[in-house]
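Using the working numbering, the letters of the sequence shown map in sequence onto residues 188 to 714. Beta carbons: idealized from backbone N, C-alpha and C, even for Gly. In what follows, a single structure is set out as structure tokens and then discussed.
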Amino acid sequence: MSTIAATASATSQPRASTREWIAVLAGMIGAFMAILNIQITNASLLDIEGGIGTGVDNGAWISTSYLIGEIVVIPLTAYFSNVFSFRRYILVNAILFPIFSMACAFAHDLGTMIVLRGLQGFAGGVLIPMAFTMVLTKLPKGQQPLGLAIFALSVTFAPAIGPTIGGYLTENYGWQTIFFINTIPSLMMAAALALTLDKQPMQLHLLKEGDWAGIITMAIGLSALQTVLEEGNKEDWFSSPFIVKLSILAFVFLAAFIWIELTVKKPLVKLSLLKQRNFGIGVAVNVLVGVALFGSVYILPQYLGQVQRYNAEQIGNVLAWTGLPQLLLIPLVPMMMKRFDARYIGFLGISIFAISCFMNVMLSADTAGDQFWIPNIVRAIGQALVLTPITAITTAGIAATDAAAASGLTNMLRNLGGAVGTATLGTVLTKREQFHSNIIGQSVTLGRDEVRNRLDQVTGYFMSHGVSDHAVAAQKAVVALGQIVKRQALSMGFSDTFAVIGTVLAIAAIALLFAQKPRAGGGAGAH
Numbered sequence: 188m189s190t191i192a193a194t195a196s197a198t199s200q201p202r203a204s205t206r207e208w209i210a211v212l213a214g215m216i217g218a219f220m221a222i223l224n225i226q227i228t229n230a231s232l233l234d235i236e237g238g239i240g241t242g243v244d245n246g247a248w249i250s251t252s253y254l255i256g257e258i259v260v261i262p263l264t265a266y267f268s269n270v271f272s273f274r275r276y277i278l279v280n281a282i283l284f285p286i287f288s289m290a291c292a293f294a295h296d297l298g299t300m301i302v303l304r305g306l307q308g309f310a311g312g313v314l315i316p317m318a319f320t321m322v323l324t325k326l327p328k329g330q331q332p333l334g335l336a337i338f339a340l341s342v343t344f345a346p347a348i349g350p351t352i353g354g355y356l357t358e359n360y361g362w363q364t365i366f367f368i369n370t371i372p373s374l375m376m377a378a379a380l381a382l383t384l385d386k387q388p389m390q391l392h393l394l395k396e397g398d399w400a401g402i403i404t405m406a407i408g409l410s411a412l413q414t415v416l417e418e419g420n421k422e423d424w425f426s427s428p429f430i431v432k433l434s435i436l437a438f439v440f441l442a443a444f445i446w447i448e449l450t451v452k453k454p455l456v457k458l459s460l461l462k463q464r465n466f467g468i469g470v471a472v473n474v475l476v477g478v479a480l481f482g483s484v485y486i487l488p489q490y491l492g493q494v495q496r497y498n499a500e501q502i503g504n505v506l507a508w509t510g511l512p513q514l515l516l517i518p519l520v521p522m523m524m525k526r527f528d529a530r531y532i533g534f535l536g537i538s539i540f541a542i543s544c545f546m547n548v549m550l551s552a553d554t555a556g557d558q559f560w561i562p563n564i565v566r567a568i569g570q571a572l573v574l575t576p577i578t579a580i581t582t583a584g585i586a587a588t589d590a591a592a593a594s595g596l597t598n599m600l601r602n603l604g605g606a607v608g609t610a611t612l613g614t615v616l617t618k619r620e621q622f623h624s625n626i627i628g629q630s631v632t633l634g635r636d637e638v639r640n641r642l643d644q645v646t647g648y649f650m651s652h653g654v655s656d657h658a659v660a661a662q663k664a665v666v667a668l669g670q671i672v673k674r675q676a677l678s679m680g681f682s683d684t685f686a687v688i689g690t691v692l693a694i695a696a697i698a699l700l701f702a703q704k705p706r707a708g709g710g711a712g713a714h
């Protein structure tokens, strides 16, 4: 009897219609493309920098400006989707996203590229929380883990495969082509959403009730904070009046934003959700995972480009092994969650991800693409087990009415973690390279026989290869030795950044264990 009852109960559970699944999957295309475009430029930064005539130090802005646009718009999405209707708002941004993307291909200077990438991020950022919201509102609770797994595939597979796609297109067809890749998927997404989402009336009267003080303070505060993080290293941090002023601006406006959100009747960002134990812990873990997820995909291409002089396609081929295994593993996670505690699956995934980073802490100038194959496979296994259980833990107990607010807050803070992480890791890399360069430089002096012998050997090499003047050959030998020292110091600096990422993940893994066990089925509150 109990078996019959269980079978009857299982068959009586509500299931999403084909129309609802098409809408959810179309939304996932948008989330995938939006997240893909955060990292798609990373393997191609040197080519893009050359194409628009900017220096290496400024190239990170091509990724950062996109992230700023996403971070600012994600928490606005729930509000604006109510004002303009869910269907109209997602369709408009699904069309604007490829338009701004294609416009980036025609940018001829850094300023134009930054503005267009920011606008692209502003349109793309809408697509991420709306896809997440559709999982929590269109799928019944029993099917939400599958929807969350598909969303996890977007969030972890997209940034991993982004540099691979970008590198291949850049090397074979030119860097401009990476900005045309969004066109066809975006049109397919817009068509599917137009056919499956119900029309709703606009509620323009809500514009009068909007938390405009919160919107303005958040936009200014987050933009100022990200600029401080991006420019601080180059400007020598607080020795620069510009950085000091921006830091004060960021602190004042973000403090005002938090105060407004905690006191206003209809807050833009429902910070009170953070009081819920699982949501608060889940969001904190999401932020730390965001640092590692986006930071690792930023640092590894930089190492391969700067130390190993790989071209964009070669960089992409190395990173491909971080993404491809996830296609096989992530769909299995919902089945694992039916048998095992989501907290332990998440803990295992984050721990494996951390181990993969610690495997890269012994880099040298001889560490090339082949040596990253095993760490990247390990990282792929870890990442596949991370996001679905974390999301299930985070959304456990969230009412369906709060789904959009929870989605906006979760996705904003994860991407903010990515933006902060990318900028911070860039600073760590610079400082540690300087540190190691100073240490090595103290040993490489003319007072040591090994150094003089090495310089004599290199001088002889240059003289036997066409340099007739001994003084010129000796000078070239000194320069060559200096480049060797710099390359070794840079390799050690990259090693230290991987150690930082691994440590951040270790903290995230431990923090996740403090969450409560989510109920079977996971996901948000009742459908």
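Considering only residues of the same chain and omitting the five flanking positions on each side of residue i, which have a CB-CB separation below 7 angstroms?
i	result
Phe366	Ser288, Met289, Cys291 and Ala292
Leu461	Gly467 and Val470
Lys663	Phe649 and Val654
Thr198	Bear in mind that a pLDDT of 48 at Thr198, under 50, signals an unreliable position, so the number given afterwards is only what the model happens to contain. Cβ within range, chain order: n/a, list empty.
Ala676	Glu620, His623, Ser624 and Ile627
Gly240	Asp296
Phe534	Ala696, Leu699 and Leu700
Leu233	Gly492
Asn498	Glu358
Could you tell me how far apart the beta carbons of residue i and residue j are, in whole angstroms, since I believe they sit closer than 8 angstroms?
i	j	result
Ala529	Ile447	In fact, because the Cβ distance is near 34 angstroms, the residues do not count as touching under 8 angstroms.
Gly256	Gly298	With 8 angstroms as the limit, Gly256 and Gly298 do not qualify as a contact, their Cβ atoms being about 15 angstroms apart.
Gly680	Gly482	Their Cβ separation, rounded to whole angstroms, is 14 angstroms, which puts Gly680 and Gly482 out of contact at 8 angstroms.
Asn598	Phe319	6 angstroms
Thr690	Leu480	Thr690 to Leu480, Cβ: 15 angstroms. No contact.
Gly408	Pro454	With 8 angstroms as the limit, Gly408 and Pro454 do not qualify as a contact, their Cβ atoms being about 15 angstroms apart.
Ile348	Ala507	7 angstroms
Ala411	Leu393	That belief does not hold up - the Cβ atoms of Ala411 and Leu393 are roughly 28 angstroms apart, past 8 angstroms.
So, helix, strand or coil for residue i, using DSSP?
i	result
Ile402	helix
Leu572	coil
Leu326	coil
Phe559	helix
Pro388	coil
Gln226	helix
Thr588	helix
Leu550	coil
Arg202	coil
Lys618	helix
Lys395	coil
Gln307	helix
Ala583	coil
Phe540	helix
Ser272	coil
Thr145	Because residue 145 is not part of the residues shown, which for the chain are 188 to 714, the question remains open.
His295	coil
Val494	coil
Asp528	coil
Thr241	coil
Pro705	coil
Taking C-alpha atoms, which residue in the options lies nearest to residue i?
i	options	result
Gln570	Met546, Leu550 and Leu514	Leu514
Asp553	Ala310, Arg496 and Ile235	Arg496
Ile282	Pro521, Gly605 and Asn369	Asn369
Ala610	Ala586, Val484, Val520 and Leu212	Val484
Val472	Ile277, Gly605, Ser678 and Asp656	Gly605
Ile222	Leu233, Leu323, Ala345 and Phe309	Ala345
Gln266	Ile694, Pro428, Ala591 and Cys544	Here residue 266 turns out to be Tyr, not Gln, going by the sequence shown. The candidate whose alpha carbon is nearest that of Tyr266 is Ala591.
Thr228	Ile315, Leu212, Glu358 and Ala210	Glu358
Lys618	Ser341, Ser678 and Ser651	Ser678
Leu278	Leu574, Val259, Glu418 and Leu380	Leu380
Ala567	Ala593, Glu418 and Val505	Val505
Phe284	Ile352, Ile235 and Arg304	Arg304
Val439	Met405, Asn465 and Leu458	Met405
Leu356	Pro428, Gln501, Gly237 and Ala213	Gln501
Determine, using beta carbons only, whether residue i comes closer than 8 angstroms to chain B.
i	result
Thr614	Of the protein chains in the structure, only one exists, and it is not chain B.
If I measure Cβ to Cβ from residue i and keep anything under 8 angstroms in the same chain, skipping five residues before and after, which residues do I get?
i	result
Ile301	Trp248, Ile249 and Ser252
Leu692	Leu475, Val476, Ala479, Ile537, Ser538, Phe540, Ala541 and Cys544
Met188	Because Met188 carries a pLDDT of 44, less than 50, the predicted location of this residue cannot be relied on, and no value is offered for it.
Val548	Ser682, Asp683, Phe685, Ala686 and Gly689
Please work out which residues of its chain come closer than 6 angstroms, Cβ to Cβ, to residue i, disregarding the five sequence neighbours upstream and downstream, and give them in chain order.
i	result
Val687	Val615
request  = Can you check the segment 641-703 for any alpha helix (DSSP H) of at least 4 residues that lies completely inside it and give the ranges in chain order?
outcome  = If we require 4 residues or more, the alpha helix (DSSP H) runs fully inside the segment 641-703 come out as 657-699.
key: Continuous alpha helix (DSSP H) assignments of at least 4 residues falling wholly in the segment 310-380   = 331-360
ask   = What residue ranges within the segment 397-470 form continuous alpha helix (DSSP H) runs of no fewer than 4 residues, ordered along the chain?
value = 399-418 and 428-450
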